[in-house]
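Peer 1: Dumping the structure here so I can ask a few things about it.
Protein chains: 2
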Amino acid sequence: MKPIQVGVLGIGTVGTGVFEVLRRNQEEIRHRAGRGIEIVAVSRRDRARAREIVGDSARVVEDPRDIVRNPGIDIVVELIGGCTLARELVLEAIAAGKHVVTANKALLAVHGTEIFEAAHKKGVMVAFEAAVAGGIPIIKALREGLTANSIQWLAGIINGTTNFILSEMRDKGLDFDVVLKEAQRLGYAEADPTFDIEGVDAAHKATLMSAIAFGIPVQFDKAYVEGITKLGARDIRYAEQLGYRIKLLGIAKRRGGTGATSGEVSGIELRVHPSLVPAKRLIANVEGAMNAVMVQGDAVGTTLYYGKGAGSEPTASAVIADLVDIARLHTADPGHRVPHLAFQPDAVLSNGGDLPVLPMAETVTSYYLRLRVADQAGVLAKVTGLLAEAGISIDAVLQREADEVAGEGATQTDVIILTHDTREGAIDGVIAQMQALPTVLAPIVRIRKEELA
Amino acid sequence: MKPIQVGVLGIGTVGTGVFEVLRRNQEEIRHRAGRGIEIVAVSRRDRARAREIVGDSARVVEDPRDIVRNPGIDIVVELIGGCTLARELVLEAIAAGKHVVTANKALLAVHGTEIFEAAHKKGVMVAFEAAVAGGIPIIKALREGLTANSIQWLAGIINGTTNFILSEMRDKGLDFDVVLKEAQRLGYAEADPTFDIEGVDAAHKATLMSAIAFGIPVQFDKAYVEGITKLGARDIRYAEQLGYRIKLLGIAKRRGGTGATSGEVSGIELRVHPSLVPAKRLIANVEGAMNAVMVQGDAVGTTLYYGKGAGSEPTASAVIADLVDIARLHTADPGHRVPHLAFQPDAVLSNGGDLPVLPMAETVTSYYLRLRVADQAGVLAKVTGLLAEAGISIDAVLQREADEVAGEGATQTDVIILTHDTREGAIDGVIAQMQALPTVLAPIVRIRKEELA
Chain S
1 MKPIQVGVLG IGTVGTGVFE VLRRNQEEIR HRAGRGIEIV AVSRRDRARA
51 REIVGDSARV VEDPRDIVRN PGIDIVVELI GGCTLARELV LEAIAAGKHV
101 VTANKALLAV HGTEIFEAAH KKGVMVAFEA AVAGGIPIIK ALREGLTANS
151 IQWLAGIING TTNFILSEMR DKGLDFDVVL KEAQRLGYAE ADPTFDIEGV
201 DAAHKATLMS AIAFGIPVQF DKAYVEGITK LGARDIRYAE QLGYRIKLLG
251 IAKRRGGTGA TSGEVSGIEL RVHPSLVPAK RLIANVEGAM NAVMVQGDAV
301 GTTLYYGKGA GSEPTASAVI ADLVDIARLH TADPGHRVPH LAFQPDAVLS
351 NGGDLPVLPM AETVTSYYLR LRVADQAGVL AKVTGLLAEA GISIDAVLQR
401 EADEVAGEGA TQTDVIILTH DTREGAIDGV IAQMQALPTV LAPIVRIRKE
451 ELA
Chain R
1 MKPIQVGVLG IGTVGTGVFE VLRRNQEEIR HRAGRGIEIV AVSRRDRARA
51 REIVGDSARV VEDPRDIVRN PGIDIVVELI GGCTLARELV LEAIAAGKHV
101 VTANKALLAV HGTEIFEAAH KKGVMVAFEA AVAGGIPIIK ALREGLTANS
151 IQWLAGIING TTNFILSEMR DKGLDFDVVL KEAQRLGYAE ADPTFDIEGV
201 DAAHKATLMS AIAFGIPVQF DKAYVEGITK LGARDIRYAE QLGYRIKLLG
251 IAKRRGGTGA TSGEVSGIEL RVHPSLVPAK RLIANVEGAM NAVMVQGDAV
301 GTTLYYGKGA GSEPTASAVI ADLVDIARLH TADPGHRVPH LAFQPDAVLS
351 NGGDLPVLPM AETVTSYYLR LRVADQAGVL AKVTGLLAEA GISIDAVLQR
401 EADEVAGEGA TQTDVIILTH DTREGAIDGV IAQMQALPTV LAPIVRIRKE
451 ELA
């Protein structure tokens, strides 16, 4: 069979990986796919740099539109990033009847509904294994491997930069700002790290996973997003003493539905935030820039997928897996393909109605609260009394020895409370009441806690 | 589209899971697959019991041949087990043009070549996700998710019974025999546990994974198989002190090939045996009856897949994923399907020649040796001298305090040596020489060690 013809838009770090791996493993890949996969054109503003990467093996163009409009190209790999030009190019490629492979999580999390609808109408595939957790085949596991299951929840370490920072904070007992600078020096964090450290990148990925796990439309705008910038070494240490690690998790969880008692809220929790995780869980031991995703299905139970979440060749591994899938199904009846969001489009529409993304106040989870309090009799009773009044039960309390505050003479202490499951809306109210107590001397630190059992 | 018609041969524990999950999640599964999947007939010698499971929803027959020969059935799910009747039924189903889903690792590891060839000729699929690591979609990850990679090695905890026993031995400091009895009482080990504890079950699974990872024929007869029956609590404790856990691993590793220096052996190591694994690796922390498989690819780096390796519904999760794959591709051109052993059949034949399964003496790994020696001056020098003469370097030595042997007056001690990588053939020779020393008082314990880095 004729090799499938591929054009790469924006050949940079990932594109170079795709080119190198396709060349190095071309024979194995052809023997698996049953046909060759050839990169015949690449685009990059700096054409000379692109020429250095691909040599004479492919056309090099400055304008990516020259690839999108080239009738000889079967699949377009979009590696430009961002949401403006990438969106235009992807839609134009689809309109031209080309299949698309993209690693662009932001594009799909924000414009996925438009893009998947256009692709469905045109009968082409848009594949995005590389958009979530790099080389880990998590999209394939969710869409195909676990297809028998009603997915109950998933929780993932899906941003390598923040996991590297949290690992370093714990190992070295340092605060966020110090470690961020080190991560930037080592190349683990970008010069402008906002998207990573504020949780936005993880939220893009969690949005995509929530859509394919539950068959709902992508709804990035409804995701709750909280980063790691406010975490201190002190909370990591206290968590450790209580048997927990702190990880930035992207979580998507089904609530209610079949078997729900009447009146219970039905929908999907979609949230990214730092979380206490029991230290004995495998995912708590995922260190450095590695990624891992846990998926809980009603039949399979707990599963976990681990690997590199970024980098040139790990990401290329996912891009090429998509190319092979498309090469295989390219000429087949579209009905034989796996639906973009795992469920048939009409089911996605109706699920979207039945399973709305819930407001954060409706989230049910447990909490770590740290209060800086005056070391006086009765403070703990007052604080725990407020929880009791709200019907929130306590799992554990850790009270540190009082320490003198320099220059003030008075003594202060940290009280740490772990709660059992409760509604976020309920704990918000109690935190506001606690904060108003004269004996609570600093802003209360609240970190969510996930047992992942 | 008309629901796909499924017949189940041998509806027992797994079959019940398949029936229950298909019923419970029928709507979600139909929305994913794009068509319904219906079990229309089941077989079991005890028809009354089968009737209790399926009620009136399916025909119940005593003779599985009534299903294989039923022209209305599209897919046969073989859950009878064993190699005789199961082989006949699977071949007959293929000859009748039916697709087959099986959880039978023994059948495929031993008769896979014959079965896959028959299926290829007839243009039907034989799917076997459930044959390896239960609900973990490891077959899909290897065949599709990592298709860009030249796989370097894989190593898995792929037998829950032995992992449960090893976890208990470590937790409680007990010897093998005691824990086996407990495992049998709790239902984690069968009345005749031979296939599990001797490593045969793990070797069946490792054989299947080696075939799809490297595109070679299944060659169970060439696998090295060693179980856990000779492990003592003492070795688990010493391993712990040196920073290792002991796990029963199924390993398949590529040696030589592209980039090999001339004269280096090329081929595949295929082996199951207890292994020391660094305690900090995720896989070392997989406890109880859980399974996990690590896969190292040249592009993706290290990945890991974790979940339940057995049980009614986890296995059913894998069977149903295969049913959905087949339902999807059933009417498609066979060229669009994923090849049985991940590579096109002609490539499997030629890989089989280029990459033979190596004899165990050619394995290269490192070793834990425990010697029971007389507590005399010069013993350690003598023992380590033998290693040096053979060119085997030492990574670590642990010498325990001497203990009195009751009633003899003389003192004995344990010497533990960790080696660096060497050929199995070379260490065999050294162990024989050590064993012949008069100061070595008991059979030497040798356990292989895998760094998995």
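These protein sequences, in sequence, are chains S and R.
In terms of full-length UniProt numbering, the first sequence has 435 at position 435, counting the first letter as 1, and numbering is strictly consecutive.
In terms of full-length UniProt numbering, the second sequence has 289 at position 289, counting the first letter as 1, and numbering is strictly consecutive.
From the three backbone atoms N, C-alpha and C, an ideal C-beta is built for every residue, glycine too.
Computed from a predicted structure; not experimentally measured.
For S:Gly135 versus S:Ser317, is the C-beta spacing smaller than 7 Å?
Peer 2: Numbered from 1 along the first sequence, position 135 holds the residue referred to as residue 135 of chain S. Numbered from 1 along the first sequence, position 317 holds the residue referred to as residue 317 of chain S. Taking 7 Å as the Cβ cut-off, S:Gly135 and S:Ser317 qualify as a contacting pair.
Peer 1: For R:Pro443, is the classification buried or exposed, using 16 other Cβ atoms within 10 angstroms of its Cβ as the cut-off for buried?
Peer 2: Position 443 of the second sequence holds residue 443 of chain R. That one is exposed.
Peer 1: Grab me the residues of S:Ala260's own chain with a C-beta within less than 7 Å of its C-beta, minus the 5 sequence neighbours each way, in chain order.
Peer 2: Position 260 of the first sequence, counted from the start, is the residue given in the question as residue 260 of chain S. Low confidence applies to S:Ala260: its pLDDT is 49, below 50, so where it sits in the model is not reliable enough to give any reading.
Peer 1: I need the straight-line Cα distance from R:Met360 to R:Leu270, nearest angstrom please.
Peer 2: Translated into positions along the second sequence, residue 360 of chain R becomes position 360. Translated into positions along the second sequence, residue 270 of chain R becomes position 270. Spanning the two alpha carbons is a distance of roughly 8 Å.
Peer 1: Tell me the DSSP bridge mates of S:Thr422?
Peer 2: Within the first sequence, residue 422 of chain S is the residue found at index 422, counting from 1. In the DSSP output, where bridge partners are listed per residue, S:Thr422 has S:Thr365.
Peer 1: How close, in whole Å, do the beta carbons of R:Leu154 and R:Ile268 come, if the pair is a contact with beta carbons under 8 Å?
Peer 2: Your numbering for residue 154 of chain R matches position 154 in the second sequence. Your numbering for residue 268 of chain R matches position 268 in the second sequence. R:Leu154 to R:Ile268, Cβ: 11 Å. No contact.
Peer 1: In the DSSP output, what is R:Met294 paired with across the bridge?
Peer 2: Within the second sequence, the letter at position 294 stands for residue 294 of chain R. BP columns for R:Met294 point to R:Ala155, R:Leu304.
Peer 1: How is S:Glu117 classed by DSSP in three states: helix, strand or coil?
Peer 2: Taking the first residue of the first sequence as 1, we reach residue 117 of chain S at position 117. It is helical.
Peer 1: Can you give me, in chain order, the residues of the segment 130-150 of chain R that have a beta carbon less than 7 Å from any beta carbon in chain S?
Peer 2: Listed by position, the residues of the segment 130-150 of chain R near chain S (Cβ gap below 7 Å) are Gly135, Ile136, Pro137, Lys140, Ala141, Glu144, Gly145, Leu146, Thr147, Ala148, Asn149, Ser150.
Peer 1: Rounded to a whole number of angstroms, what is the C-alpha to C-alpha distance between S:Arg254 and S:Ile283?
Peer 2: Your numbering for residue 254 of chain S matches position 254 in the first sequence. Your numbering for residue 283 of chain S matches position 283 in the first sequence. Distance between the alpha carbons of S:Arg254 and S:Ile283 is about 20 Å.
Peer 1: Under the assumption that R:Leu108 contacts R:Ala141 (Cβ atoms under 8 Å), give the Cβ distance between them as a whole number of angstroms.
Peer 2: Along the second sequence, read from residue 1 onward, the residue named residue 108 of chain R stands at position 108. Along the second sequence, read from residue 1 onward, the residue named residue 141 of chain R stands at position 141. Their Cβ separation, rounded to whole angstroms, is 18 Å, which puts R:Leu108 and R:Ala141 out of contact at 8 Å.
Peer 1: Could one say the Cβ of S:Asn163 lies closer than 7 Å to chain R's Cβ atoms, at least one of them?
Peer 2: Numbered from 1 along the first sequence, position 163 holds the residue referred to as residue 163 of chain S. No, its Cβ sits nowhere closer than 7 Å to a Cβ of chain R.
Peer 1: Please list the residues of the segment 79-108 of chain S that have a C-beta atom closer than 9 Å to any C-beta atom in chain R, keeping them in chain order.
Peer 2: Listed in sequence order: no entries.
Peer 1: Go ahead and pull the three-state DSSP assignment for R:Gln241.
Peer 2: Looking up residue 241 of chain R in the second sequence gives position 241. In this structure, R:Gln241 counts as helix in the three-state DSSP scheme.
Peer 1: Using the C-alpha atoms, what's the distance from S:Leu89 back to S:Gly335?
Peer 2: What you label residue 335 of chain S is simply residue 335 of the first sequence in a count that begins at 1. What you label residue 89 of chain S is simply residue 89 of the first sequence in a count that begins at 1. For S:Gly335 and S:Leu89, the distance between alpha carbons rounds to 25 Å.
Peer 1: What residue does the beta strand (DSSP E) around S:Pro278 start on, and which one ends it?
Peer 2: The residue given as residue 278 of chain S occupies position 278 in the first sequence. From DSSP, the beta strand (DSSP E) with S:Pro278 extends over 267-278.
Peer 1: Against R:Val21, what residues of chain S qualify as contacts under a CB-to-CB distance less than 7 Å, listed in chain order?
Peer 2: Position 21 of the second sequence holds residue 21 of chain R. Correct list: Ala148, Ala299.
Peer 1: In chain order, what residues of the same chain have a beta carbon less than 7 Å from the beta carbon of R:Ile53, not counting five sequence neighbours either side?
Peer 2: Stepping through the second sequence from its first residue, residue 53 of chain R is reached at position 53. Closer than 7 Å at the Cβ level, and outside the excluded window around R:Ile53, lie Ile11, Thr16, Phe19.
Peer 1: Given a limit of 9 Å on CB to CB distance, which residues of the segment 37-61 of chain S reach chain R?
Peer 2: So the list is empty, because no residue satisfies the distance condition.
Peer 1: Given that S:Thr302 touches chain R, what residues does it touch there, using C-beta distances under 9 Å?
Peer 2: Here residue 302 of chain S refers to the residue found at position 302 when the first sequence is read from its first residue. Near S:Thr302 (Cβ distances below 9 Å), the residues of chain R are Met290, Tyr306, Gly307, Lys308.
Peer 1: Look at S:Leu386 and S:Gln433 and say whether their C-beta atoms are less than 7 Å apart.
Peer 2: In the first sequence, counting from the first residue as 1, residue 386 of chain S sits at position 386. In the first sequence, counting from the first residue as 1, residue 433 of chain S sits at position 433. Yes. Within cutoff.
Peer 1: Can you find a C-beta in chain B that's less than 7 Å from the C-beta of R:Ala347?
Peer 2: The structure shown contains no chain B; the protein chains it does contain are S and R.
Peer 1: Would S:Gly307 and S:Gly160 qualify as a contact pair, given that the criterion is a beta-carbon distance under 7 Å?
Peer 2: Working through the first sequence from its first residue, we reach residue 307 of chain S at position 307. Working through the first sequence from its first residue, we reach residue 160 of chain S at position 160. Their beta carbons are not under 7 Å apart, which means S:Gly307 does not touch S:Gly160 by this criterion.
Peer 1: Report the rounded CA-to-CA distance for R:Glu450 versus R:Gln376, giving the unit in angstroms.
Peer 2: Taking the second sequence and counting its residues from 1, one reaches residue 450 of chain R at position 450. Taking the second sequence and counting its residues from 1, one reaches residue 376 of chain R at position 376. Each residue's Cα considered, the two are about 32 Å apart.
Peer 1: Using three-state DSSP, classify R:Gly326 as helix, strand or coil.
Peer 2: Within the second sequence, numbered from 1, the residue matching residue 326 of chain R stands at position 326. With the sequence shown as reference, residue 326 of chain R is identified as Ile, and Gly is not the correct amino acid for it. Reduced to three states, the DSSP call for R:Ile326 is helix.
Peer 1: Under 7 Å between C-beta atoms, does S:Pro314 make it to chain R?
Peer 2: For the purposes of this step, residue 314 of chain S is taken as the residue at position 314 of the first sequence. Yes, because at least one Cβ of chain R sits closer than 7 Å to the Cβ of S:Pro314.
Peer 1: Does the beta carbon of R:Ile157 come closer than 7 Å to any beta carbon on chain S?
Peer 2: The residue labelled residue 157 of chain R in the question sits at position 157 within the second sequence. Taking Cβ atoms only, chain S never reaches closer than 7 Å to R:Ile157, which makes this a no.
Peer 1: Whole-angstrom Cβ separation of S:Val324 and S:Arg32, contact assumed at under 8 Å?
Peer 2: Your numbering for residue 324 of chain S matches position 324 in the first sequence. Your numbering for residue 32 of chain S matches position 32 in the first sequence. S:Val324 to S:Arg32, Cβ: 7 Å. Contact.
Peer 1: Can you list, in chain order, the residues of its chain whose CB lies under 6 Å from that of R:Ile94, leaving out five sequence neighbours each side?
Peer 2: Stepping through the second sequence from its first residue, residue 94 of chain R is reached at position 94. So the qualifying residues of the chain are Ala118, Ala119, Lys122, Val124.
Peer 1: Does chain R have any CB closer than 7 Å to the CB of S:Ile251?
Peer 2: As a position in the first sequence, residue 251 of chain S is number 251, starting the count at 1. Chain R contact via Cβ: absent.
Peer 1: With respect to the alpha helix (DSSP H) encompassing R:Val14, which residues constitute its N-terminal and C-terminal limits?
Peer 2: Here the question's residue 14 of chain R lines up with position 14 in the second sequence. Element bounds for R:Val14: 13-24.
Peer 1: For residue 455 of chain R, go through chain S and note every residue whose CB falls closer than 8 Å to its CB, in chain order.
Peer 2: One cannot answer for residue 455 of chain R here, as it falls past the ends of chain R, which runs 1 to 453.
Peer 1: Does the CB of R:Ala260 have a neighbour CB from chain S at under 7 Å?
Peer 2: As a working mapping, residue 260 of chain R is identified with position 260 in the second sequence. Confidence at R:Ala260 is low in this model, with a pLDDT of 49, below 50, so the placement of that residue should be treated as unreliable; the coordinate-derived value is given next. Chain S, which has no Cβ nearer than 7 Å to the Cβ of R:Ala260, makes this no.
Peer 1: Quick check on S:Arg337: buried or exposed, where buried means 16 or more other Cβ atoms within 10 Å of its Cβ?
Peer 2: Start at 1 with the first residue of the first sequence, and residue 337 of chain S comes out as number 337. Buried: at least 16 other Cβ atoms inside 10 Å.
Peer 1: Is the CB of S:Ala327 under 7 Å away from at least one CB in chain R?
Peer 2: Locating residue 327 of chain S in the first sequence gives position 327, counting from the first residue. No, no contact with chain R.
Peer 1: Does the distance from the CB of R:Arg372 to the CB of R:Gln435 come in under 7 Å?
Peer 2: Within the second sequence, numbered from 1, the residue matching residue 372 of chain R stands at position 372. Within the second sequence, numbered from 1, the residue matching residue 435 of chain R stands at position 435. Cβ distance not < 7 Å, so R:Arg372 and R:Gln435 don't count as in contact.
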